[in-house]
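Chemist:
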Amino acid sequence: MASSAAASNPTIPSLNLPPSQFARLQPHAYLLAHLSPPAASDQPSVRANGRATSQFRVTSANAGSLTHTNGSAVVRIGDTAAVCGVRAELLHTEDIASWSVSTASEAEAGNTSQKGGSKTEDEEDRDHVQDLNLLVPNISLSTGCAPGFTPGAPPSTLAQSLSHEILSLLHTTRLVKADDLRIWYQPPNLESEEFRNAGEGMDVDSEQTGGPEPEIKAFWVLYIDIMIISLAGNPFDAAWASVLAALRDTKLPKAWWDADNETVLCSDNISDAQKLSLRGLPVSSSFCTFEADAAAGWRSVVIPNADELKSQAQKQGSQQRWILADPDGYEEGLSQERVCVVVDIEDGKTVIVKMEKHGGWAVDSDDLRQLVDVSAKRWHEMKRILDQC
Amino acid sequence: MVGPTASLSILQRADGSATYKCPATGYTILSAVNGPVELPGRRDALKPEDATVEVFVKPGTTTGGVGERAIETTLKSVLGDIVLGREKGFPRRGVVLTLNIVGGENVERGDSYLTLLPALLHAGLLAMISASIPLSMTLSAVLLGVTDSGEIVQNPSPAAAKSAVSLHVLAISSKDHLLLNQSRGRFDFDTWELIRARALSICQGAANDGDVAMGEGTNTASVNGFIRETAEDQIYSAYAHKLDSI
Amino acid sequence: MADRRRVNGPPGGTRPPVFASLQESTTGAAQRAQRQRQPAELRKIFLKTGLIPTASGSSYLEFEPSASLAAARSNPKSLIPPSSALKVACTVHGPKPLPRSAAFSPNLVLTTHVKYAPFAARKRRGHIRDASERDLGVHLETALRGAIIAERWPKSGLDITLTIIEAEDDRWWGDAPDSHDASWGMMNVLAGCITAASAAIADAHIDCLDLVSGGVAALVSDDSSKSASSVPRLMLDVDPAEHRSILSACVVAYMPARDEITEIWLKGDSSKAALEKGDVRSSHEALIDGAVDAARGANTVLSEAVTESIARSIAQA
Amino acid sequence: MSKEAQLSVAERDFILEALRQDVRLDGRKPDEYRPLDISFGEEYGHVNLQLGKTHVIVRISAEVTKPRDDRPFDGLFNINMELTNMGSPAWESGRSNDLEAAVTHTLDRVIRHSNALDTESLCILKGVSCWSIRADVHVLDYDGNLTDAACIATMAGLQHFRRPDAVVRNGQVIVYGVEQRVPVALNITHKPLSVTFHTYNDSKHIILDATLKEEQAAEGDLVIGINNAGDLCYVSKIQGAPVDAMAIVTKTSVAWEKVKTLNATMDKVLQADLAKRAKVGMADESRATNDREVQPE
Amino acid sequence: MSAPVVLLPGDEVPHDRLPTKNSNPLRLGPGLRLLSQPSPKAGDSNHVLTATQAGLLTTDAKRNTVSLLSFPNRRYVPTTNDLIIAQIHHSSIDFFHCIVTPNTAHALLGQLSFEGANKKTRPMLKQGELVYARVQSVGVGAGAEVELTCVNPATGKADGGLGPLAGGMVFDVSTGMAARLIRASSASADETDPVDGLIILGELGRKLESLGGFELAVGRNGKVWVDCSNAGEGSVSVTVAIGRCLQETDQHNLHPHDQKKLVTRILRDMKLVS
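Residue numbers (our numbering), protein chains in the order written: chain X, 195 to 583; chain U, 207 to 452; chain Z, 46 to 362; chain P, 388 to 684; chain A, 165 to 438.
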């Protein structure tokens, strides 16, 4: 046993522990030994899981396998697995308290909340999708996905934060178009005859010739539920990818207002159904920072200024810090600093839609620029995977 | 533009407290810190070597939800970063920060907390200072928006933030580190670098000659300078009796 | 009221879509699916262990889609699925020390937890466990407790969590629930949960007396005419969507090596069953025997999956 | 941590002995409130209240919503209080405790159930839309008698608050911004307040407005909700040592006097604030019209 | 002396502010820590003192100490040798478990850590009773418990009034005020110059002498125990008056001449002087 351990991991020859034990007892030293092998050995710097620092785990996506959903997907990123199901339900405008309410400024502009003529399509989308709560994502970690999450307990802080982040990202990317969710009704032109009889007295006539304006009678509400079935680090990327794949798979039935029954009816004919037309393909990539000196944060050493930190990194021969792409659970446990970059590529140009970092003071401009490049590469990979599923 | 106002140790019961008002965004935050204290029922979850920082954000005219939990996670990670949780009396104890939004609009469902984040960070930091929680350094933060004409706006109002193409909150330590970045919207990296440079000059002052420690060299127009002045004023008034005798 | 710990939908609530085309049946959706299997023929079960490495033991179980569902999937016409097929993920965490607050226990304390995903069934499920989910948890616990050698692990706990990703239907979707109707689909779900949990427990190397597996048998009546000639028949592993009426059903948790039943759940009226001539069993005995036969069938799949799990752990060692 | 630190024997004995000599720790008389300070924020309905060291902020807010199905003519009114670690280190943020439940209950009874705010006046369009008024009580510092502090602040907030004006036109509700139409005050039917007493030494000593330490040393409490006209709307003597029925009668008249004084104080502060606003408002208005003239395009 | 220096967390203590003449090792007070510079480019001095709290830098050349005076309302963190007033929470076989500050872990006070205590003579303290104690140790690292004692380990005597506090009343003040009170009361009794800006004790002492005087014990944890049992019938009023004077001085951070006015006002209010 011991000899095989030494063979596979020459950096810790003095220990007679099998690697798995060493990994558990001295996690920090174990990962460090992998990342900074002695210069003498020809070992490349790899992570304990065998990946290069900017390498993501094997990712697979499979869409449309769940029977009772409008769209669904299973995404596996390494050992982290997310199942997402999208269910569409109807929100009648009569059930919306604010529907019959308009602010005076809108009313003066000659518009009701049903149609904001001066607004751009994007703004209107934001109003409807966001103000009416048309997107309802929720993440569940109470699936036994990892130890530490009590099944049946209310959502943990992590689950709540993730749900919020998904919702927030859906809103900022405006991924779902409000128009896909609207159910319009064209009232019959009953009054047209009366108008004609009334004669020339009506100045508004010219506008009315087209009959009454179409009105929105209902909206589709998308309940997006994400079950993290297995959690081995980086839940956000997996959850977001599953949401993206599920929404790409989502078909909404053709729906219309049935004036006789005063309700919305749908067609179950699949050829009538419409796929959602999403705005872009924002792909999320998460990273964490592993510090060579785990105690640097609290040891009695002066914290160097940002500039000094930079020059230090250049001066010192050995690397002090590694930014690990798509961290697994083991690596997440060993690092504080997190980065999340969400990019989309439009016409070959990288557009950043979200960039977050917190939990440390090491990552700055230079690193972030590299991470954006890594994320752009990841975008192409994810696009290929999502296009195939 | 009217600058922010803040004062320290305004409450009686809490170990440390502060109020922070940002006229540009309209937000007023009251903050309180208790620590080091025992955290009940979480003994197993506490780090044995370190203090546990807990953050609770309470909105002004609504009940908190998932959005608050998300921003708490961020605040905890940024402020927890500068707390020296291994100092005497702190390991295995809690530092409990409560942030009460007493003025300004509510954050809408599913909206990011970006417009509030700098005010929350400053109020939280000042309360920590007021409670004499050991810190490795201080920080200052700024909200920047990019308009559709590409202009960078400092502390846009909630309405202006809504129409911004991208929004960025950066927190910079008193030693110039980037402690936090939260960017949303649509932008490219070159724009962000402009934002980064702008944030540094707003937080640390344009005339930053690198010698921050001395206090004299600091540009008081900077956010960092404002934090320093606020703390200094409070110390001077608390030790007026001492200073009189000098 | 709004749930503060979740993202909430519109405050006024939403309504599930109503399909207009039931009468017109342009898509063939309005036709009831027919059982294509022999009465004693079971659906294929897909069972795999060890898919969730963060757990001590895990398994994933899937029932083969019925013929109608398979047809609808390969050539979709209607948005209304004709039936559905069980998909369950199961994790086992432990044995682990009991929480400090817990009382002393000389045995392994078993906690079972069954939760449907919100999108698992035709009707959207809530986030909070309802009575039927708690019921399933209790049945499952009884089924497993009889198989586990609990005294091997004093002062320890074992958490078994099952997530139902897709559930079985209780009846054909076009039928209105009738008076003696019960949630028949739940019985299939329970049988699947028992088999899946058993595999996950074995995957976690928990000492057991035997591999316990679940099986379902039911008395069904498929004749539309109310004539006296229509007698209910005994069938194994029924898909409720494929039958006009289920009179009674039985699910057992069965250990073949010991020929023991650890859990039995029988529902409905079994008095009208027509058994083969010369069969002296009472109809509920026949129902139980049928369920045991079904469980035996599931056990062959279970053994394979467990063997695979062991082979894997030997390879890793 | 969910409990306040208990009183020491010395403190308890001393408080009780002092009360026997009619002495309170801060030198107050038995029926005396601590100094009361009420101020208003920039927004309507934002009240900052200090009663001794007890410090609360109340914010009133309004939004248009759907009325309840069973009460199509009524608007909604809710009082929310969530105790956080700010008010006392003994409170755990995000978890409710007994005090929170008790105070919320009293506020509900005294203000909401006595219909101090006329909810019918909040109806905009029958069964379709109405105003939902929400009072949020934030406790910043807790040094006893949270009930009265929160009650006074909530009542002050309701009287100070102005909701946007709304009209119904062709079945459409139109809400006017504060800058477009003068916002509307809420319809307050009467002004009830709670007055809280604590009892000591077999109810021989009954004091008003106890501090936290005095509350901790008490045997029982007596809460009286009463308005300016002397109409009782709430009396609670839930637990603790028995109190002589006559004492309740005398304390009720004490409470009535106190409520009259408190309401008078409140009125004065409200008037002063309104006057100040009127001045600023007029200045604003003239400036606003000027602006309009300056920029005709 | 040069202008006062206020440091914020992370600030370095300016070298010219450190006492230099003394050959004894420099002693660090709370709020400061010694850090080493990672790159020894600075040459001779590669150690720096850094503030971890915001506060006023003070140095004592005589004792060669440097410390930071931070906010007076902060929570008390037990420090070895501090005098505190603790409240018994419960007792176990070997220890009394005491509350030092609310909502923190209990400190341990040995059942025999009293003057002349043995198994038979040890005090039987009940829940809620108070002791005046010295912090013996605060332990290091995780799970460290604070230990208290009521005897001087060297002499076995209860120096400075250590031990159970019977009767009287205890008032809460800020930790900053407690520290000032300790310094003020340890100064000679007839000192007329304000010590640390406090004249309140001397003032009270003079005015209340005729009423029998009072006994005072100050705990660094922000507790002041007052006993006026000599004042006979007026003892309650006198105690309340002292408590109010101390708390108001603390709360409003009163200037010495305001303290004088306060004493006069409160004594009149309590009808102790005409």
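Note that CB positions come from ideal geometry on N, CA and C, so glycine has one too. Everything numeric in this text was worked out from a predicted model, so none of it was measured.
Given this structure, state the Cα-to-Cα distance separating residue 299(U) from residue 256(U), to the nearest angstrom.
Modeler: Locating residue 299(U) in the second sequence gives position 93, where the first residue counts as 1. Locating residue 256(U) in the second sequence gives position 50, where the first residue counts as 1. Roughly 8 Å separates the two Cα atoms.
Chemist: Counting C-beta neighbours from all protein chains within 10 Å, is the total for residue 91(Z) 16 or more, i.e. buried, or is it exposed?
Modeler: Taking the first residue of the third sequence as 1, we reach residue 91(Z) at position 46. Residue 91(Z) should be labelled exposed.
Chemist: When the Cα atoms are used, what is the spatial distance from residue 396(A) to residue 331(A)?
Modeler: Locating residue 396(A) in the fifth sequence gives position 232, where the first residue counts as 1. Locating residue 331(A) in the fifth sequence gives position 167, where the first residue counts as 1. Between residue 396(A) and residue 331(A), the C-alpha separation is close to 13 Å.
Chemist: So, helix, strand or coil for residue 201(Z), using DSSP?
Modeler: For the purposes of this step, residue 201(Z) is taken as the residue at position 156 of the third sequence. Strand at residue 201(Z).
Chemist: Can you round the beta-carbon distance between residue 218(A) and residue 335(U) to whole angstroms, since I take them to be within the 8 Å contact cut?
Modeler: By one-based count along the fifth sequence, residue 218(A) stands at place 54. By one-based count along the second sequence, residue 335(U) stands at place 129. With 8 Å as the limit, residue 218(A) and residue 335(U) qualify as a contact, their Cβ atoms being about 5 Å apart.
Chemist: Look at the alpha carbon of residue 614(P) and the alpha carbon of residue 649(P), and state the distance between them as a whole number of angstroms.
Modeler: Sequence index remark: in the fourth sequence, residue 614(P) carries index 227 (1-based). Sequence index remark: in the fourth sequence, residue 649(P) carries index 262 (1-based). C-alpha separation (whole angstroms): 10 Å.
Chemist: Please work out which residues of its chain come closer than 8 Å, Cβ to Cβ, to residue 440(U), disregarding the five sequence neighbours upstream and downstream, and give them in chain order.
Modeler: Translated into the one-based positions of the second sequence, residue 440(U) becomes position 234. Hits under 8 Å: 213, 214, 215, 336.
Chemist: Comparing C-alpha positions only, which one of 388(U), 407(U), 240(U) sits nearest to residue 238(A)?
Modeler: The residue given as residue 238(A) occupies position 74 in the fifth sequence. Here the closest residue by C-alpha is 240(U).
Chemist: At which residue ranges does the stretch 285 to 335 of chain U contain complete alpha helix (DSSP H) runs of 4 or more residues, listed in the order of the chain?
Modeler: Complete alpha helix (DSSP H) runs here, min 4: none at all.
Chemist: Along the chain, where does the beta strand (DSSP E) containing residue 532(X) start, and where does it finish?
Modeler: Locating residue 532(X) in the first sequence gives position 338, counting from the first residue. Unbroken beta strand (DSSP E) run through residue 532(X): 532 to 540.
Chemist: Quick check on residue 573(X) - is its C-beta less than 8 Å from some C-beta in chain U?
Modeler: Taking the first sequence and counting its residues from 1, the one referred to as residue 573(X) is at position 379. No - not a single Cβ of chain U is within 8 Å of the one on residue 573(X).
Chemist: Could you spell out the range, first to last residue, of the beta strand (DSSP E) harbouring residue 225(U)?
Modeler: Within the second sequence, the letter at position 19 stands for residue 225(U). Start and end: 222 to 228.
Chemist: Would you mind listing the alpha helix (DSSP H) stretches within the stretch 574 to 660 of chain P that are 4+ residues and don't spill past its ends, in chain order?
Modeler: Entirely contained in the stretch 574 to 660 of chain P, the alpha helix (DSSP H) runs reaching 4 residues are, in chain order, 599 to 604.
Chemist: Give a yes or no on whether the C-beta atoms belonging to residue 214(A) and residue 227(A) are separated by under 8 Å.
Modeler: Numbered from its first residue, the fifth sequence carries residue 214(A) at position 50. Numbered from its first residue, the fifth sequence carries residue 227(A) at position 63. No; because the gap between Cβ atoms is not below 8 Å, this pair is not in contact.
Chemist: Less than 8 Å between the beta carbons of residue 583(X) and residue 531(X), yes or no?
Modeler: For the purposes of this step, residue 583(X) is identified with residue 389 of the first sequence, where counting begins at 1. For the purposes of this step, residue 531(X) is identified with residue 337 of the first sequence, where counting begins at 1. In this structure, residue 531(X) does not lie closer than 8 Å to residue 583(X) by Cβ.
Chemist: What's the gap between the Cα of residue 57(Z) and the Cα of residue 291(X)?
Modeler: Position 12 of the third sequence, counted from the start, is the residue given in the question as residue 57(Z). Position 97 of the first sequence, counted from the start, is the residue given in the question as residue 291(X). Approximately 7 Å between the Cα atoms of the pair.
Chemist: Step through the CB atoms of chain Z and report whether any lies within less than 8 Å of the CB of residue 270(U).
Modeler: Position 64 of the second sequence, counting from 1, holds the residue named residue 270(U). At least one chain Z Cβ lies under 8 Å of residue 270(U).
Chemist: Decide yes or no for the touch test of the stretch 622 to 633 of chain P against the stretch 558 to 571 of chain P: beta carbon pairs closer than 8 Å, at least 3 of them.
Modeler: Result no; under three Cβ-Cβ pairs closer than 8 Å.
Chemist: Are the Cβ atoms of residue 343(Z) and residue 259(Z) separated by less than 8 Å?
Modeler: Here residue 343(Z) refers to the residue found at position 298 of the third sequence. Here residue 259(Z) refers to the residue found at position 214 of the third sequence. Cβ atoms of residue 343(Z) and residue 259(Z): closer than 8 Å.
Chemist: Say whether chain A places a C-beta atom closer than 8 Å to the C-beta of residue 496(X).
Modeler: Position 302 of the first sequence, counted from the first residue, corresponds to residue 496(X). Yes - at least one Cβ of chain A is within 8 Å of the one on residue 496(X).
Chemist: Anyone know if the C-beta pair for residue 234(A) and residue 338(U) falls short of 8 Å?
Modeler: What you label residue 234(A) is simply residue 70 of the fifth sequence in a count that begins at 1. What you label residue 338(U) is simply residue 132 of the second sequence in a count that begins at 1. Result yes, Cβ atoms of residue 234(A) and residue 338(U) sit closer than 8 Å.
Chemist: Do residue 405(A) and residue 364(A) have their C-beta atoms within less than 8 Å of each other?
Modeler: Looking up residue 405(A) in the fifth sequence gives position 241. Looking up residue 364(A) in the fifth sequence gives position 200. Not a contact, by the Cβ cut-off of 8 Å.
Chemist: Are residue 303(U) and residue 285(U) close, meaning C-beta to C-beta below 8 Å?
Modeler: The sequence position of residue 303(U) within the second sequence is 97, counting from 1. The sequence position of residue 285(U) within the second sequence is 79, counting from 1. Yes, the pair counts as a contact, with Cβ atoms nearer than the cut-off.
Chemist: What are the residues of the stretch 106 to 126 of chain Z that lie near chain U, defined by any Cβ-Cβ distance shorter than 8 Å?
Modeler: Residues passing the 8 Å Cβ filter: none.
Chemist: With three or more beta-carbon pairs closer than 8 Å as the criterion, would you say the stretch 599 to 607 of chain P touches the stretch 551 to 561 of chain P?
Modeler: Counting Cβ pairs under 8 Å, fewer than three are found: no touch.
Chemist: Which of the three DSSP states is assigned to residue 425(U) in this structure?
Modeler: Your numbering for residue 425(U) matches position 219 in the second sequence. Here residue 425(U) scores only 44 on pLDDT, less than 50, and its place in the model is too uncertain to base an answer on.
Chemist: Once DSSP output is grouped into helix, strand and coil, what is the label at residue 156(A)?
Modeler: Residue 156(A) falls outside the range modelled here, since chain A spans only 165 to 438, and no answer is possible.
Chemist: Name the chain X residues whose beta carbon is nearer than 8 Å to that of residue 560(P)?
Modeler: Here the question's residue 560(P) lines up with position 173 in the fourth sequence. Those are 294, 295, 296, listed as they occur along chain X.
Chemist: Give the secondary structure of residue 560(X) by DSSP, where H, G and I count as helix, E and B as strand, and everything else as coil.
Modeler: On the first sequence, position 366 is the one that residue 560(X) refers to. Correct three-state label for residue 560(X): helix.
Chemist: Considering residue 508(P), what are the terminal residues of the beta strand (DSSP E) in which it resides?
Modeler: On the fourth sequence, position 121 is the one that residue 508(P) refers to. Segment: none, residue 508(P) is in no beta strand (DSSP E) and carries neither H nor E.
Chemist: Can you tell me whether residue 280(U) is helix, strand or coil according to DSSP?
Modeler: Position 74 of the second sequence, counting from 1, holds the residue named residue 280(U). The answer is helix: DSSP assigns residue 280(U) an H, G or I state.
Chemist: Checking contacts by CB at 8 Å: is residue 408(P) closer than that to chain A?
Modeler: Against the fourth sequence, residue 408(P) aligns to sequence position 21. Yes, its Cβ sits closer than 8 Å to a Cβ of chain A.
Chemist: Let me see if you follow: with CB-CB separation under 8 Å, is residue 244(X) close to chain Z or not?
Modeler: Reading the first sequence from its first residue, position 50 is the one you call residue 244(X). Not closer than 8 Å to any Cβ of chain Z, the Cβ of residue 244(X) fails to qualify, so no.
Chemist: Please report the distance separating the alpha-carbon of residue 530(P) from that of residue 236(Z).
Modeler: Reading the fourth sequence from its first residue, position 143 is the one you call residue 530(P). Reading the third sequence from its first residue, position 191 is the one you call residue 236(Z). When rounded, the distance between both Cα atoms is 59 Å.
Chemist: Could you spell out where the beta strand (DSSP E) holding residue 219(A) opens and where it closes?
Modeler: Residue 219(A) sits at position 55 when you count from the first residue of the fifth sequence. Residues 219 to 224.
Chemist: Compare the beta carbon distance of residue 337(A) and residue 371(A) with 8 Å and say whether it is the shorter of the two.
Modeler: Position 173 of the fifth sequence, counted from the start, is the residue given in the question as residue 337(A). Position 207 of the fifth sequence, counted from the start, is the residue given in the question as residue 371(A). In this structure, residue 371(A) does not lie closer than 8 Å to residue 337(A) by Cβ.
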